[in-house]
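**Q** Chains A and B, in that order, give the protein sequences. For the first sequence, the numbering used here gives the first residue as 1, with consecutive numbering after it. For the second sequence, the numbering used here gives the first residue as 1, with consecutive numbering after it. By construction, the Cβ of each residue, glycine as well, lies at the ideal position given by its N, Cα and C atoms. Here it is: the structure, laid out below.
Protein chains: 2
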Amino acid sequence: LETFKSLSPAEFFYRNREIAGFSNPSRALYQAVRELVENALDATETHGILPIIRVYIDRTSNPMHYVVSVEDNGIGVPPQFVPKAFGQVLFSSKYKLRQTRGMFGLGAKMAILYGQLTTGRPVEIITSPVKSKRVYFFKLMIDIKNNRPIVLEKASWSKKKEWHGTIVTIALEGDWGRAKSRIIEYIKRVALVTPYAEILFKGPDNSYFYYPRVTTKLPRPPREVLPHPYGVDLEAFKMLIASTQESRLEDFLVKSFQGVGKKTAQDLLRKIGLPLDKSPKKLSLDEIKILVEEMKKYERFKPPRADPLSPIGAELIVLGLKQILQPEFVTAITRKPAVYEGHPFIVEVGLAYGGAIESSNEPILYRYANKIPLLYDEKSDVLWKIVNELDWRQYNVSFPAPLAVLIHICSTKIPYKGVGKESIADVPEIEREVRNALREVARKLRSYIQKKQKVEETYRK
Amino acid sequence: LETFKSLSPAEFFYRNREIAGFSNPSRALYQAVRELVENALDATETHGILPIIRVYIDRTSNPMHYVVSVEDNGIGVPPQFVPKAFGQVLFSSKYKLRQTRGMFGLGAKMAILYGQLTTGRPVEIITSPVKSKRVYFFKLMIDIKNNRPIVLEKASWSKKKEWHGTIVTIALEGDWGRAKSRIIEYIKRVALVTPYAEILFKGPDNSYFYYPRVTTKLPRPPREVLPHPYGVDLEAFKMLIASTQESRLEDFLVKSFQGVGKKTAQDLLRKIGLPLDKSPKKLSLDEIKILVEEMKKYERFKPPRADPLSPIGAELIVLGLKQILQPEFVTAITRKPAVYEGHPFIVEVGLAYGGAIESSNEPILYRYANKIPLLYDEKSDVLWKIVNELDWRQYNVSFPAPLAVLIHICSTKIPYKGVGKESIADVPEIEREVRNALREVARKLRSYIQKKQKVEETYRK
Ligand SMILES: Nc1ncnc2c1ncn2[C@@H]1O[C@H](COP(=O)(O)OP(=O)(O)OP(=O)(O)O)[C@@H](O)[C@H]1O
Ligand SMILES: Nc1ncnc2c1ncn2[C@@H]1O[C@H](COP(=O)(O)OP(=O)(O)OP(=O)(O)O)[C@@H](O)[C@H]1O
Ligand SMILES: [Mg+2]
Ligand SMILES: [Mg+2]
Numbered sequence: 001l002e003t004f005k006s007l008s009p010a011e012f013f014y015r016n017r018e019i020a021g022f023s024n025p026s027r028a029l030y031q032a033v034r035e036l037v038e039n040a041l042d043a044t045e046t047h048g049i050l051p052i053i054r055v056y057i058d059r060t061s062n063p064m065h066y067v068v069s070v071e072d073n074g075i076g077v078p079p080q081f082v083p084k085a086f087g088q089v090l091f092s093s094k095y096k097l098r099q100t101r102g103m104f105g106l107g108a109k110m111a112i113l114y115g116q117l118t119t120g121r122p123v124e125i126i127t128s129p130v131k132s133k134r135v136y137f138f139k140l141m142i143d144i145k146n147n148r149p150i151v152l153e154k155a156s157w158s159k160k161k162e163w164h165g166t167i168v169t170i171a172l173e174g175d176w177g178r179a180k181s182r183i184i185e186y187i188k189r190v191a192l193v194t195p196y197a198e199i200l201f202k203g204p205d206n207s208y209f210y211y212p213r214v215t216t217k218l219p220r221p222p223r224e225v226l227p228h229p230y231g232v233d234l235e236a237f238k239m240l241i242a243s244t245q246e247s248r249l250e251d252f253l254v255k256s257f258q259g260v261g262k263k264t265a266q267d268l269l270r271k272i273g274l275p276l277d278k279s280p281k282k283l284s285l286d287e288i289k290i291l292v293e294e295m296k297k298y299e300r301f302k303p304p305r306a307d308p309l310s311p312i313g314a315e316l317i318v319l320g321l322k323q324i325l326q327p328e329f330v331t332a333i334t335r336k337p338a339v340y341e342g343h344p345f346i347v348e349v350g351l352a353y354g355g356a357i358e359s360s361n362e363p364i365l366y367r368y369a370n371k372i373p374l375l376y377d378e379k380s381d382v383l384w385k386i387v388n389e390l391d392w393r394q395y396n397v398s399f400p401a402p403l404a405v406l407i408h409i410c411s412t413k414i415p416y417k418g419v420g421k422e423s424i425a426d427v428p429e430i431e432r433e434v435r436n437a438l439r440e441v442a443r444k445l446r447s448y449i450q451k452k453q454k455v456e457e458t459y460r461k
Numbered sequence: 001l002e003t004f005k006s007l008s009p010a011e012f013f014y015r016n017r018e019i020a021g022f023s024n025p026s027r028a029l030y031q032a033v034r035e036l037v038e039n040a041l042d043a044t045e046t047h048g049i050l051p052i053i054r055v056y057i058d059r060t061s062n063p064m065h066y067v068v069s070v071e072d073n074g075i076g077v078p079p080q081f082v083p084k085a086f087g088q089v090l091f092s093s094k095y096k097l098r099q100t101r102g103m104f105g106l107g108a109k110m111a112i113l114y115g116q117l118t119t120g121r122p123v124e125i126i127t128s129p130v131k132s133k134r135v136y137f138f139k140l141m142i143d144i145k146n147n148r149p150i151v152l153e154k155a156s157w158s159k160k161k162e163w164h165g166t167i168v169t170i171a172l173e174g175d176w177g178r179a180k181s182r183i184i185e186y187i188k189r190v191a192l193v194t195p196y197a198e199i200l201f202k203g204p205d206n207s208y209f210y211y212p213r214v215t216t217k218l219p220r221p222p223r224e225v226l227p228h229p230y231g232v233d234l235e236a237f238k239m240l241i242a243s244t245q246e247s248r249l250e251d252f253l254v255k256s257f258q259g260v261g262k263k264t265a266q267d268l269l270r271k272i273g274l275p276l277d278k279s280p281k282k283l284s285l286d287e288i289k290i291l292v293e294e295m296k297k298y299e300r301f302k303p304p305r306a307d308p309l310s311p312i313g314a315e316l317i318v319l320g321l322k323q324i325l326q327p328e329f330v331t332a333i334t335r336k337p338a339v340y341e342g343h344p345f346i347v348e349v350g351l352a353y354g355g356a357i358e359s360s361n362e363p364i365l366y367r368y369a370n371k372i373p374l375l376y377d378e379k380s381d382v383l384w385k386i387v388n389e390l391d392w393r394q395y396n397v398s399f400p401a402p403l404a405v406l407i408h409i410c411s412t413k414i415p416y417k418g419v420g421k422e423s424i425a426d427v428p429e430i431e432r433e434v435r436n437a438l439r440e441v442a443r444k445l446r447s448y449i450q451k452k453q454k455v456e457e458t459y460r461k
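Shown next, in the form of structure tokens:
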């Protein structure tokens, strides 16, 4: 006879932690570092603060245990939210339609959970919000069965100097020997696309990596937006109806979506034969289905706006590729925004060729999503599939060749394959847009190669 | 100013459904079929019932919508649990230490959720438990915000004939054109390792695939076990203490773990200096840490037992490989059980060479986990890494070569990389065991190739 039960989200992710990237001590150390660094960048850049980030990994008396500490000068965490922000799984300030690195409400908690189950030690949080006059200290553990924080200690004191930000310190089992090269590569690739950030990294072997700020020009911070009508599904639509204050269907459409003006709403509703002033909450399920179906095919919505998103920029991609690769040829483009399932997204592709790049049997691929470098699971990423399915000979490239490709996707939601954020799922609209962007830069490479060949031929004659 | 909120597990997986394999209509159709088929096999084989499984995919008036219906002769679902089993995310009868295909409490709900958000239609469940005199009918939807079922309709009637089992019918958006070959391959690979099951599949294009039962010999059903002491972490240990009825530490160890006899428990406790009769609930956190640390290094626990697990068996693997590949040479082994993080696991490897197998640049890999065929994300699977990192020339195989490898891992917990169950994470103990198993069968292949070469040389002379 079968016995049934439910699990709290904390117990679910504790039992299945390899799903969040915590599959072994080496991978866990990497994942803990990146979850904290990504939180630090979200707390600074997203809020118009030039990031200063310190990452310290120290040894402990136990050769398998390390202490990871990440400090930032960000907006801090309001003290009343600290316990849940760090002690309750699926609790977040990023459950919005805004481009941030974080999106699951899980990252910090997974690192803390892993520390707790391997060392038994609590996490220490020190934080001070921007406008606050006090600094707050917390020692926390997670009550896994019930998915809630256990506050072991808390304290606060008045600020002695002008400081705002957060320091998160976790003791956990790790494997620096195996994780070192990946962690260092991750930090380097973060610095490549955030030249306005100052990053200091110290490893447990006392190796230091320092990336100074090379520009004080911060990209415009991403903004929260309304969903775009393309691909909005039935359930999302029902949730918008449930939370709307609008009593007229026409106003509901204009206020709930981006890209829907008054005229467009009227045209769409007349097309389906729904009254402009009907109350959205009075729509029957069949009327909702017809409306959603029609919105999917409707051709006159304005395309999504680019300005709420925060791309790296073609200029910075070229600069970054030049710096790390010293290529003979480099080009980059930032595409206009497209949409998938109501989410606007921008694809950026950079391509570097020749020079100091070593020849290899396939292109070297640098993947980024919302400015996060993706280092694992390359071969199950849709981006790798696209780069390797391209017929490069059509662009005068025959392997082995010295070719590197950088692809960045930014969006209000990145369709990751897993909560460990390592590879991107096969979403048709994204696939199509990346393929077109790649062909665009590949054509530029081809012109360069052809010109160069012409010059060499003329020279030989 | 940041605003914080929490999500229910249903809303979390609704918003991030690509993480569960529902990333596009083609993939969703595949995933829905497999989630239901895996539930059907768990409901039969795990309970000593020879499986009879029917999978029907029908078209609807909407060219993008299909109806998927899976019927089994399994143990059924008790009516009081049907709403939660199919309407509450993270609700399951498989949250145990037992080898089953299901493990997350998510699969059926994801398929139902996807159907709901793409077609707006409820799932229909018909079920009758083995001992019941009645058949039960439910029409359900999922309240996503609150993670609970909405029962739209229910009914029951007395059984007219001897039937037990379950029929799950879901209407969802799909893409049969793109999904067809994968779905058919999946069904075929299921049949390969379940020759005691009768499986009928009907596609929306009225294509039929019928796999009759070829043996009535059911493998012994898997049994629930206690955790093995190796690699049990601090949190798991604390949960065992919280739920134990034992008042003496020695009895607690013997009763809570497999492989720990009375003498072993006494020896271990004396080694650390803990009293045999101390109450486990009175252990301090430091004492727990010392005990867990010591258990990890202790060498005298009995190894895990094989009989609670349910391998395919070397004989069946050889039979299956012969049937589908018609090779010249085939061998298979089932290894003794090993342990990772308290979970016993068994590795089985089959190897087929030559004959009708086409030559290719890398081995053809058939991956199975708890008898589930894994078709996607091959290149991010630890199994693919191991097969391709092996130096096959040491075994007289040089590519291109006609070589196929089948690897099956069965365990009380498969460390999947994602909740979509498509690839296996890098767990050191499993990696080591698979590598050794692969070398074992590769050596047999080498002897065969060497013998064959000798014969050919003698023949030429
Ligand atoms: N360094 C930090 N500064 C400010 N706020 C932070 C910081 N770290 C975490 N937070 C807050 O805690 C919340 C939870 O962080 P957590 O990493 O668990 O989830 P997330 O970042 O929202 O999503 P993800 O799981 O994708 O990382 C964040 O949403 C943010 O509000
Ligand atoms: N065909 C079936 N026959 C009997 N019980 C079933 C059937 N399908 C589902 N169930 C019951 O419903 C529960 C929930 O199924 P669901 O697929 O959502 O999760 P799971 O199988 O436990 O785990 P997973 O997410 O890994 O599939 C199962 O644990 C099982 O008890
Ligand atoms: Mg985060
Ligand atoms: Mg299931």
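When you compare the CB positions of L218 of chain B and L249 of chain B, do they come within less than 8 Å of one another, or not?
**A** Contact: no.
**Q** So that I know if they touch, is there some Cβ in chain A lying closer than 8 Å to that of T412 of chain B?
**A** T412 of chain B does not count as touching chain A.
**Q** Just confirm the distance between the C-beta atoms of L140 of chain A and G105 of chain A, as a whole number of angstroms; I'd bet it's less than 8 Å.
**A** Wrong, their Cβ atoms sit about 16 Å apart, outside the cutoff.
**Q** I think L268 of chain B touches E294 of chain B, with their Cβ atoms under 8 Å apart; what is that distance to the nearest whole Å?
**A** Rounded, the Cβ-Cβ distance is 7 Å, consistent with contact.
**Q** I need the straight-line Cα distance from A369 of chain B to N16 of chain A, nearest angstrom please.
**A** Roughly 16 Å between the two C-alpha positions.
**Q** When the Cα atoms are used, what is the spatial distance from W157 of chain A to V82 of chain B?
**A** If I take the Cα positions, the gap works out to 53 Å.
**Q** Go through its chain and collect everything with a Cβ distance to Y114 of chain A's Cβ below 7 Å, but skip five positions before and after it.
**A** Taken in chain order, the residues that qualify are R17, F22, A28, A32, L172.
**Q** For the beta strand (DSSP E) containing W157 of chain B, list its first residue and its last residue.
**A** Unbroken beta strand (DSSP E) run through W157 of chain B: 148-158.
**Q** Between A43 of chain A and H228 of chain B, what straight-line distance do the alpha-carbon atoms span, to the nearest angstrom?
**A** Approximately 42 Å between the Cα atoms of the pair.
**Q** Expressed to the nearest angstrom, what Euclidean distance is found between the alpha-carbon atoms of R462 of chain B and S26 of chain B?
**A** Within the shown structure, residues of chain B are numbered from 1 to 461, placing residue 462 of chain B beyond reach of any answer.
**Q** Alpha carbon to alpha carbon, how far is K133 of chain B from K84 of chain B?
**A** Approximately 22 Å between the Cα atoms of the pair.
**Q** Can you pull the DSSP bridge partners for L403 of chain A?
**A** DSSP output for L403 of chain A lists A:Y353 as bridge partner(s).
**Q** In three-state terms, what does DSSP make of Y230 of chain B?
**A** Here Y230 of chain B sits in coil by DSSP.
**Q** Shorter than 7 Å, the distance from the beta carbon of E38 of chain A to the closest heavy atom of ligand 3, or not?
**A** It does: the Cβ of E38 of chain A is within 7 Å (strictly closer) of some heavy atom of ligand 3.
**Q** Looking at D72 of chain B and ligand 2, is the gap between the Cβ and the nearest heavy atom below 7 Å?
**A** It does: the Cβ of D72 of chain B is within 7 Å (strictly closer) of some heavy atom of ligand 2.
**Q** On the DSSP letters alone, give me the boundaries of the beta strand (DSSP E) that S128 of chain A sits inside.
**A** 123-128 is the extent of the beta strand (DSSP E) around S128 of chain A.
**Q** Could you tell me the alpha carbon to alpha carbon distance between S398 of chain B and Y448 of chain B, rounded to whole angstroms?
**A** Their Cα atoms are separated by approximately 15 Å.
**Q** Could you give the residue range of the beta strand (DSSP E) that holds M103 of chain A?
**A** Segment: none, M103 of chain A is in no beta strand (DSSP E) and carries neither H nor E.
**Q** Compute the distance between the beta-carbons of G342 of chain A and Y230 of chain A, then report whether it is under 8 Å.
**A** In contact: G342 of chain A and Y230 of chain A (Cβ atoms closer than 8 Å).
**Q** Beta carbons nearer than 9 Å to chain A: which residues of the region 166-198 of chain B have them?
**A** Answer set for the region 166-198 of chain B: empty.
**Q** Quick one, which residues of the region 275-286 of chain B are near chain A if we go by CB-CB under 7 Å, in chain order?
**A** So the close ones are L285.
**Q** DSSP three-state call for Y136 of chain B: helix, strand or coil?
**A** Three-state result, Y136 of chain B: strand.
**Q** My assumption, with CB atoms under 8 Å, is that V387 of chain A sits in contact with P363 of chain A. Please give the rounded CB distance.
**A** So it is a contact: roughly 5 Å between Cβ atoms.
**Q** Rounding to the nearest angstrom, what Cα-Cα distance links S69 of chain A and K159 of chain A in this structure?
**A** So the two alpha carbons sit approximately 21 Å from each other.
**Q** Give the C-beta separation of L374 of chain B and K289 of chain B to the nearest angstrom, bearing in mind that I take them to be a contact with Cβ-Cβ under 8 Å.
**A** Actually they are not in contact, since the Cβ atoms of L374 of chain B and K289 of chain B sit about 37 Å apart, beyond 8 Å.
**Q** Tell me which residues share the same chain as L309 of chain B and place their Cβ nearer than 8 Å to its Cβ, disregarding the 5 neighbours each side in the sequence.
**A** The residues are Q99, P222, P337, P344, F345, I346, C410, S411, T412.
**Q** Roughly how many angstroms lie between the CA atoms of Y56 of chain A and P78 of chain A, to the nearest whole one?
**A** Approximately 24 Å, taken between the alpha carbons.
**Q** Along the alpha helix (DSSP H) that carries E250 of chain B, what are the first and last residues, could you check?
**A** E250 of chain B -> alpha helix (DSSP H) spans 249-256.
**Q** Would you give the residue range spanned by the alpha helix (DSSP H) that R54 of chain A belongs to?
**A** Unbroken run through R54 of chain A is the beta strand (DSSP E), 52-59; no alpha helix (DSSP H).
**Q** Pull out every residue of the region 2-15 of chain B whose Cβ sits closer than 9 Å to any Cβ of chain A, in chain order.
**A** Taking 9 Å as the Cβ-Cβ cut-off against chain A, the residues of the region 2-15 of chain B that qualify are E2, T3, F4, K5, S6, L7, S8, P9, E11, F12, Y14, R15.
**Q** In chain order, what residues of the same chain have a beta carbon less than 6 Å from the beta carbon of A352 of chain B, not counting five sequence neighbours either side?
**A** L321, L325, P327, V330, A404, listed in sequence order.
**Q** For a test of your reading of the model: does the CB of A28 of chain A fall under 7 Å from any non-hydrogen atom of ligand 5? Yes or no.
**A** Here the bound small molecules are ligand 1, ligand 2, ligand 3 and ligand 4; ligand 5 is not part of this structure.
**Q** For D58 of chain B, I'd like the list of residues in its chain whose CB is within less than 7 Å of its CB, leaving aside the five on either flank, ordered along the chain.
**A** So the list reads Y66, V67, P204, once near-sequence residues are dropped.
**Q** Note down, in chain order, every chain B residue with its Cβ under 7 Å from the Cβ of P428 of chain A.
**A** Going along chain B in sequence order, the residues near P428 of chain A (Cβ under 7 Å) are N24.
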